[in-house]
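Since the structure comes first, as structure tokens, the remarks are kept for the end.
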Amino acid sequence: MTALEARDLVVERDGREVVRVDELQLAEREILVVLGPNGAGKTTLLLALATLIPARGTLRADGAEIADPLAFRRRIGVVFQRPLLLDRSVRDNAALGLTLRGVSRDESDRAALSALERLGVEKLADRRATRLSGGEAQRVAIARALALSPEILFLDEPFNGLDTPTRRALVTDIGRVLRDSGVATILVTHDRDEALALADRVAVLMGGRVRQQGSADDVFSRPVDENVAAFVGVENVLPATVERSTDEMTLLRVGSALVSVTEQPPDGATAVLLLITPDDVVIARARGSSSERNAFDARITRVETIGRRVRLTLDCGFPLVAHVTRQSARELGLDEGASVIASFKATGPHLLPHQPKSTGN
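Going by my numbering, the sequence shown wraps up at 1308, each residue one higher than the last.
Below, the structure written as structure tokens:
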């Protein structure tokens, strides 16, 4: 069953179209992550879906068109980037939505404490909200929304501005709470790791348009175009020509090298883009089996430490980027100038059609 459906949704600002969504659906019990860069229109889309700003088009909840936005808002919960807590106790803040709806003090307190417990902050119930850390405050804001027992929960960049350990812990706990409660959720973020950790489905929003929708695995491994590929972290986008293709294998020429992939060229194209995620590239100091496909002698031209990972830029006769753990980089001695073997499975790469640019005269 579909919890929420938008069709031909358009949001304008100062006479300019900022968001246009032809179709977007949220299933019951589903976590839909709207992923996109800053300025893509994610918050605008969320507010429109929650009927908090004007928009043209059709919105349906449980199959029925939303004719009364005020009635619909009583069925949802919304959490913004900033917690927006009052200078009252944590318990009062968590119960605020129910209090405003005229629910009795005893009932609202019970619901608030239950929600605070699910978020792991019930021990803070009597503390004033002004004394909370950023992570604690956001947990209370989410508990306030969950205390309403919403049919749909809207989360607008709820982890933004938190330090890394706090953010990781909150992502883990929110994922558990959302799946345990079964509340249909739309969460917007610019963070790929958050999307991978939480999403049942991902909608990539760029320039106010949904460029791709699908499971997280499908979107991240099979992006529909170069721009989506770049945003979801597919750093290796290599022009290639098709040497031959069968039902089982496609042989590509990339630079001076031959690459085998199991995916067939799109629409029979002879010029393609070969997409390989850096995490799919395996680095070794010596060759394994002599029959190993897609194993190339390579030289490391650049080493960059990024958080817990190390990013390697390689020259394999064609450029290639690989990600390894810091421990692997140390143990294998992966320094600039080192000779290594770079390999990837034939099942990993994705192919897109490619129209080579005309060189002209």
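Every residue, glycine too, gets a C-beta built ideally from N, C-alpha and C.
### Query
Among residues of its own chain, excluding the 5 on either side of Arg1234, which ones have a beta-carbon nearer than 8 Å to its beta-carbon?
Excluding positions up to five away in sequence, the list reads Ala1242 and Ile1288.
### Query
Roughly how many whole angstroms lie between the Cα atoms of Ala1245 and Ala1285?
When rounded, the separation of the alpha-carbon atoms in Ala1245 and Ala1285 is 8 Å.
### Query
Under 8 Å between the Cβ atoms of Leu1060 and Asp1120?
Contact: no.
### Query
Of the choices Ala1269, Thr1294 and Leu1279, whose alpha-carbon is the least far from that of Arg1240?
Checked all of Ala1269, Thr1294 and Leu1279; the closest Cα to Arg1240 is Thr1294.
#### Entry: Reference Arg1273; option with closest CA among Phe1265, Cys1263, Arg1258 and Asp1009
Comparing Cα positions, the closest option is Arg1258.
### Message
Quick check on DSSP: helix, strand or coil for Ser1128?
### Response
The answer is helix: DSSP assigns Ser1128 an H, G or I state.
#### Entry: One or two residues paired with Gln1159 in a DSSP bridge
BP columns for Gln1159 point to Val1151.
### Contact set for Glu1173: own chain, Cβ-Cβ below 8 Å, skip 5 residues either direction
Val1184, Leu1220 and Leu1299, listed in sequence order.
### Task
Leaving out five residues on either side along the sequence, give the residues of the same chain with a beta carbon under 6 Å from the beta carbon of Ala1090.
Beyond the five residues adjoining it in sequence on each side, Ala1090 comes within less than 6 Å, by CB distance, of Ala1041, Ala1062, Leu1063 and Leu1066 in the same chain, given in chain order.
### Message
Could you compute how far the alpha carbon of Val966 sits from the alpha carbon of Gln1159?
### Response
Rounded to whole angstroms, Val966 to Gln1159 spans 15 Å at the Cα level.
### Message
DSSP three-state label for Asp1120, please.
### Response
Note: Asp1120 maps to helix in three-state DSSP.
### Query
So who's on the other strand from Gly1024, going by DSSP bridges?
According to DSSP, Gly1024 bridges with Leu1100.
### C-beta atoms of Val968 and Ala997 nearer than 8 Å
Contact: no.
### 6 Å Cβ shell around Leu1143 - same chain, five flanking residues per side excluded
Answer for Leu1143: Ala1163, listed in chain order.
### Message
In the DSSP output, what is Ala1269 paired with across the bridge?
### Response
Leu1259, per the DSSP bridge assignment.
### Query
Can Val1229 and Phe1291 be called in contact, C-beta distance under 8 Å?
Yes, these two residues count as a Cβ contact at 8 Å.
#### Entry: Neighbourhood of Ala1116 by C-beta, 8 Å cutoff - its chain only, sequence neighbours within 5 removed
Closer than 8 Å at Cβ, skipping near neighbours: Gly1082.
### Task
Mark Gln1085 as exposed unless 16 or more other C-beta atoms lie within 10 angstroms of its C-beta, in which case mark it buried.
Looking at its Cβ environment, which holds 16 or more other Cβ atoms inside 10 Å, Gln1085 is buried.
#### Entry: Alpha-carbon spacing of Asp955 relative to Ala1018, whole angstroms
Each residue's Cα considered, the two are about 22 Å apart.
### Query
Expressed to the nearest angstrom, what Euclidean distance is found between the alpha-carbon atoms of Asp1147 and Pro1105?
C-alpha separation (whole angstroms): 17 Å.
### Query
Nearest-angstrom Cα distance between Leu1033 and Phe1027?
Approximately 14 Å, taken between the alpha carbons.
### Task
Count the other CB atoms, across all protein chains shown, that sit within 10 Å of the CB of Gly1280; report buried if there are 16 or more and exposed otherwise.
Label assigned to Gly1280: exposed.
### Task
Within its chain, find whatever has a CB closer than 7 Å to the CB of Arg976; leave out the 5 residues flanking it on each side and keep chain order.
Counting only Cβ-Cβ distances below 7 Å, and skipping sequence neighbours, we find Gly1129 and Ala1131.
### Message
Once the 5 residues before and after Ala970 are set aside, which same chain residues still bring their CB inside 6 Å of it?
### Response
Sequence inspection shows Glu at residue 970; the Ala mentioned does not correspond to that position. These residues qualify, in order along the chain: Arg954.
### Message
Judging by CA-CA distance, which residue of Met1153, Leu1205, Leu1134 and Pro1001 is the nearest neighbour of Gly1264?
### Response
Distance from the Cα of Gly1264 is smallest, within the candidate group Met1153, Leu1205, Leu1134 and Pro1001, for Leu1205.
#### Entry: Cβ contact (3+ pairs, closer than 8 Å) linking the region 1001-1011 and the region 1193-1205
In short, these stretches do not touch, since the Cβ pair count stays below three.
### Query
Using a Cβ-Cβ cut-off of 8 Å (strictly less than) and excluding sequence neighbours within five positions of Gly988, which residues of its own chain qualify?
Once the five neighbours on either side are set aside, the close Cβ partners of Gly988 are Val958, Val965, Val966, Leu1152, Gly1154 and Gly1155.
### Query
Considering only residues of the same chain and omitting the five flanking positions on each side of Gln1302, which have a CB-CB separation below 8 Å?
Beyond the five residues adjoining it in sequence on each side, Gln1302 comes within less than 8 Å, by CB distance, of Ala1218 in the same chain, given in chain order.
### Task
Give the straight-line distance between the Cα atoms of Leu1047 and Val1179, rounded to the nearest whole angstrom.
Separation of Leu1047 and Val1179 (C-alpha to C-alpha, rounded to the nearest whole angstrom) is 41 Å.
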